[in-house]
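Each residue of the sequence shown is one higher than the one before, counting from 538 in this note's numbering. Worksheet: the structure to be examined is printed underneath.
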Amino acid sequence: MFFRVVPCRTKECLLAVIKEWVLPGTTIISDCWASYNCLKDEGFQHLKVNYSLTFVCPVTGAHTNSIEGSWSGIKRFLGNTTHRTEDMFDSYLHEFMWRRKNSHSVENEVFKTFLVDVASVFPSLQQDVPPEHEIIPQDAQPGTSSS
Numbered sequence: 538m539f540f541r542v543v544p545c546r547t548k549e550c551l552l553a554v555i556k557e558w559v560l561p562g563t564t565i566i567s568d569c570w571a572s573y574n575c576l577k578d579e580g581f582q583h584l585k586v587n588y589s590l591t592f593v594c595p596v597t598g599a600h601t602n603s604i605e606g607s608w609s610g611i612k613r614f615l616g617n618t619t620h621r622t623e624d625m626f627d628s629y630l631h632e633f634m635w636r637r638k639n640s641h642s643v644e645n646e647v648f649k650t651f652l653v654d655v656a657s658v659f660p661s662l663q664q665d666v667p668p669e670h671e672i673i674p675q676d677a678q679p680g681t682s683s684s
C-alpha cells in the first residue's frame with residue numbers, strides 16, 4: 538500500500554495519478570464516488586463498496602477497511618499538526634510509509650536500515666567512503682555482482 542498527495546479530486550486528476558502509479562489490470566477497491574466510475578474502462582479491475590448499504594460488498598467481499606485503517610494510522614502519526622506544514626505533507630506520507638515498511642526492524646537496526654535505503658537510492662554518495670565505514674559491503678551494493 539502506498540499514498541500519494543493529489544492536487545485535486547476530479548476524475549481527470551485521480552485518473553492521471555492512478556495511471557502513473559498503478560499497473561493496468563490491478564484491482565482497485567473504492568467507494569461509489571463517481572470519479573472512480575471510469576476505472577474499468579481504463580484497464581483496471583474495479584470493485585465498489587456502497588457504504589449506504591454495507592461496509593463489505595456481499596458479492597465480492599470487497600471492503601476498504603485496510604485503507605481506512607491506514608489513513609487512521611497516518612492521522613495518529615501526524616499527531617499534533619501545529620509543527621507540521623502543508624508543503625511537507627508529501628514527505629510526512631513518505632516517512633509514514635517507510636516506518637510502516639520497516640516496523641519489523643530491530644530497534645537498534647532502524648538507523649542502519651535507513652542508511653542502507655538512502656544508499657540504494659543515492660549510490661553516488663558512497664563513492665569515497667573508506668571501507669571501514671561502509672554501510673553495505675562493496676559486493677552487496679545494488680547494481681554490483683559478486684563473481
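Backbone N, C-alpha and C define an ideal beta-carbon position, used for all residues, glycine too. No experiment lies behind these values; they were computed from the predicted model shown.
Residue interval of the beta strand (DSSP E) (run including residue i)
i             : result
threonine 564 : 564–568
CA nearest to the CA of residue i, picked from the options
i                 : options                        : result
asparagine 587    : Gly580, Glu579, Val596         : Val596
threonine 564     : Ser657, Ala553, Lys585         : Lys585
phenylalanine 614 : Trp635, Gly598, His600         : Trp635
phenylalanine 581 : Ser609, Ala656, Leu552         : Leu552
phenylalanine 633 : Leu576, Val543, Pro561, Gly610 : Gly610
valine 543        : Leu630, Ala599, Leu652, Val653 : Leu630
phenylalanine 539 : Leu662, Arg637, Asp624         : Arg637
Opening and closing residue of the alpha helix (DSSP H) in which residue i lies
i             : result
valine 655    : 647–658
glutamate 623 : Here glutamate 623 belongs to no alpha helix (DSSP H), and DSSP marks it neither H nor E.
valine 554    : 548–558
Bridge partners - residue i, DSSP secondary structure assignment
i           : result
leucine 584 : Ile566
valine 593  : His600
DSSP-derived helix/strand/coil call for residue i
i             : result
histidine 631 : helix
valine 543    : coil
leucine 615   : helix
serine 640    : coil
leucine 576   : coil
Touch test, the segment 561–579 against the segment 544–551, Cβ-Cβ under 8 Å, three pairs minimum: Between the segment 561–579 and the segment 544–551, the count of C-beta pairs closer than 8 Å reaches three or more; the two stretches touch.
How about the segment 549–561 and the segment 642–658: do they share at least three Cβ pairs that are nearer than 8 Å? no
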